[in-house]
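Taking my numbering, the leading residue of the sequence shown gets 89, the next gets one more, and so forth. A quick write-up on the structure given underneath.
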Amino acid sequence: MVITSLDNAKIVEVAKLADKKYRKLTGQYVIEGARLVCDALKHGAKLVSVYVRESNAADFNFNDQTVVSDRVFAKMCETVNSQGVLAVVEKRDSPLSKPSGNCLVLDGLQDPGNVGTLIRTAVACGFTDIYAVNSVDLYSPKVLRSAMSAHFCVKLHELESIEQAFALLNGVQTVSAHMGGTNVFSAKFNKRVALILGNEGNGLSDYSLKHSAKTVALPMENGFESLNVAVAGSVIMYQIYSQSK
Numbered sequence: 089m090v091i092t093s094l095d096n097a098k099i100v101e102v103a104k105l106a107d108k109k110y111r112k113l114t115g116q117y118v119i120e121g122a123r124l125v126c127d128a129l130k131h132g133a134k135l136v137s138v139y140v141r142e143s144n145a146a147d148f149n150f151n152d153q154t155v156v157s158d159r160v161f162a163k164m165c166e167t168v169n170s171q172g173v174l175a176v177v178e179k180r181d182s183p184l185s186k187p188s189g190n191c192l193v194l195d196g197l198q199d200p201g202n203v204g205t206l207i208r209t210a211v212a213c214g215f216t217d218i219y220a221v222n223s224v225d226l227y228s229p230k231v232l233r234s235a236m237s238a239h240f241c242v243k244l245h246e247l248e249s250i251e252q253a254f255a256l257l258n259g260v261q262t263v264s265a266h267m268g269g270t271n272v273f274s275a276k277f278n279k280r281v282a283l284i285l286g287n288e289g290n291g292l293s294d295y296s297l298k299h300s301a302k303t304v305a306l307p308m309e310n311g312f313e314s315l316n317v318a319v320a321g322s323v324i325m326y327q328i329y330s331q332s333k
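Okay, here's the thing in structure tokens:
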């Protein structure tokens, strides 16, 4: 059976997940594209439902997939050039706790592309936890696309207080990225590190600067003072990773 009604209860529920508040209320979010759906299954994410566009129905064979008309699918998805498949996923249950390894603290980041890239790099570098403080919604479509399946491989925590994040970091070396810090390539890191990155425009909060055990910076030539936070954060994470091997 093909769902053709825009008023179908299931379709309405999926469309509502475009809203951040509804994602938070339900603990669910939407992923789009064959790779994301396949990776979600590969990493054991809990898929609530899978929807396939009628014109692509022959391309997919997911368990319990629901076929919907092209018009209905367009209402459900955010992507302009969709591959014709999306899924509703339950957020991973990650109780707020101390990190089990290196972790990343996002202190007020707002750009979804930056945040998605940082999540992806954190996973590549073996970081176990990400604490997003007053940052963009980690489950927004743009963050999900930029992270490229990394959501399924790391514990994600969303907080409203940087003080709350620091309270979880006892025994962890807190390292903030700041242009006045030590050259990151000469810095020494402990076994467990919490890398703290600040807002794209305003940088780190005063609290993060005051309470960090160390500040590090990237050396730069030709008068440059700073890089995009996703680029800088990724380089620093790899430097931390290189010392943890």
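Think of the CB as a built atom: it goes at the ideal place given N, C-alpha and C, for glycine as much as any other residue.
CB residue i to CB residue j, shorter than 7 Å?
i: V281; j: V304; result: no
i: Y295; j: Y227; result: no
i: S237; j: L105; result: no
i: F215; j: L192; result: yes
i: A235; j: Q261; result: no
i: T167; j: E120; result: yes
i: T205; j: A318; result: yes
i: I218; j: F277; result: no
i: V263; j: C241; result: no
i: V160; j: I91; result: yes
i: M267; j: S322; result: no
Identify, in the order they occur along the chain, each residue of the same chain with its Cβ nearer than 6 Å to the Cβ of residue i, setting aside the five sequence neighbours on each side.
i: S137; result: V176
i: V221; result: D195, L247, I250 and A253
i: A122; result: Q171 and V173
i: Y139; result: T154, V156 and L174
In chain order, what residues of the same chain have a beta carbon less than 8 Å from the beta carbon of residue i, not counting five sequence neighbours either side?
i: Y326; result: T209 and C213
i: K230; result: P200, G201 and G204
i: T114; result: L105
i: D152; result: S137 and V138
i: L256; result: L184, S185, K186, P187 and Y219
i: M89; result: V155
Just reading off the alpha helix (DSSP H) that residue i is part of, what are its end residues?
i: A106; result: Premise fails: A106 is in no alpha helix (DSSP H) and is neither H nor E.
i: K163; result: D158 to M164
i: N202; result: P200 to A212
If you count every other CB in all the chains shown that lies within 10 Å of the CB of residue i, and 16 or more means buried, which is it?
i: D181; result: exposed
i: M164; result: buried
i: K130; result: exposed
i: D107; result: exposed
i: N149; result: exposed
i: K109; result: exposed
Please report whether the beta-carbon of residue i lies at a distance below 7 Å from any beta-carbon of chain B.
i: S237; result: Absent from the structure: chain B. Only one protein chain is present.
Could you check where the beta strand (DSSP E) with residue i kicks off and where it finishes?
i: H299; result: Careful: H299 lies outside any beta strand (DSSP E), inside the alpha helix (DSSP H) at D294 to H299.
i: G286; result: V281 to G286
i: L227; result: It is Tyr, not Leu, that sits at residue 227 in the sequence shown. Counting along the chain, Y227 falls outside any beta strand (DSSP E), and DSSP gives it neither H nor E.
i: M308; result: Neither: M308 is in no beta strand (DSSP E) and is coded neither H nor E.
i: C191; result: C191 to D195
i: K243; result: K243 to L247
Leaving aside the five residues before and after residue i along the sequence, list all residues of the same chain whose C-beta is less than 7 Å from its C-beta, in chain order.
i: L306; result: V272, L315, A320 and V323
* Asked: With contact counted as at least three CB pairs below 8 Å, one residue from each stretch, are the region 119-137 and the region 168-182 in contact?
  -> yes
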